[in-house]
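Chains as they are written, first to last, in this note's numbering: chain A, 1 to 113; chain B, 1001 to 1114.
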């Protein structure tokens, strides 16, 4: 059974700092990996999707990497801003399709002005 | 990306009653899903809503408790039946479009059962 773990559970940083969020999964046979952010009272916003054949994806100040063999992904946020404060969720698409996403519990990020 | 709306956004219900949650997408999509997020927990997939046929449920979820309909390619409903306080959660609808495998989520329905 696929399990996804995110470390740390919570992180507080000063504005402008670069930071890394970690995600690990137990079964390397994944179809893809997706990073989301969740704001209080709102749904999930898709940030980056990495296919199993890819090593990384970038969008603006965000960079996500994937090491399938070791069962790890990282989300790098450059020059953090207070608006980045949210819970970041990692989810893996199980083999055979992206429809069955298995989620981690998330990392709650607070960026202090 | 798809724009997804859910109704209601939140509700407070009494034990033993049922609530139907609606999910509307602004474009036709291949797949629609329903997730549950219990307090302090990660999201868990309840079922895949299949257009014109019975939904496919994940282990631990049954049709009698969570009946799902999907009459067309842009709309689905999830009913939470005979509710108990343990059903208090956020329920989210998600979709996968035709052009990519990226999943998009609705804003969620926050349900509190008293």
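All residues carry an ideal CB built from backbone N, CA and C; glycine is no exception.
- Between the stretch 1051-1058 of chain B and the stretch 1081-1090 of chain B, the count of Cβ pairs shorter than 8 Å is below three; the stretches do not touch.
- Around the Cβ of residue 1063/B, a 10 Å sphere holds fewer than 16 other Cβ atoms; the residue is exposed.
- Chain B has a Cβ within less than 9 Å of the Cβ of residue 51/A.
- Burial is judged here by how many other beta carbons sit within 10 angstroms of a residue's own beta carbon; residue 1109/B has at least 16 and is buried.
- Less than 9 Å divides the Cβ of residue 80/A from the Cβ of residue 19/A.
- Per the Cβ contact rule, the stretch 55-70 of chain A is not in contact with the stretch 2-9 of chain A (fewer than 3 Cβ pairs under 8 Å).
- DSSP lists 65/A as the bridge partner or partners of residue 56/A.
- Cβ contact annotation for residue 1001/B (same chain, cutoff 6 Å, sequence separation greater than five): 1104, in chain order.
- Exposed is the label assigned to residue 26/A, since fewer than 16 other Cβ atoms lie within 10 Å of its Cβ.
- Neighbours of residue 68/A across chain B, judged by C-beta separation under 8 Å, do not exist; the nearest C-beta is about 16 Å away.
- One alpha carbon belongs to residue 66/A, the other to residue 1114/B, and they sit about 43 Å apart.
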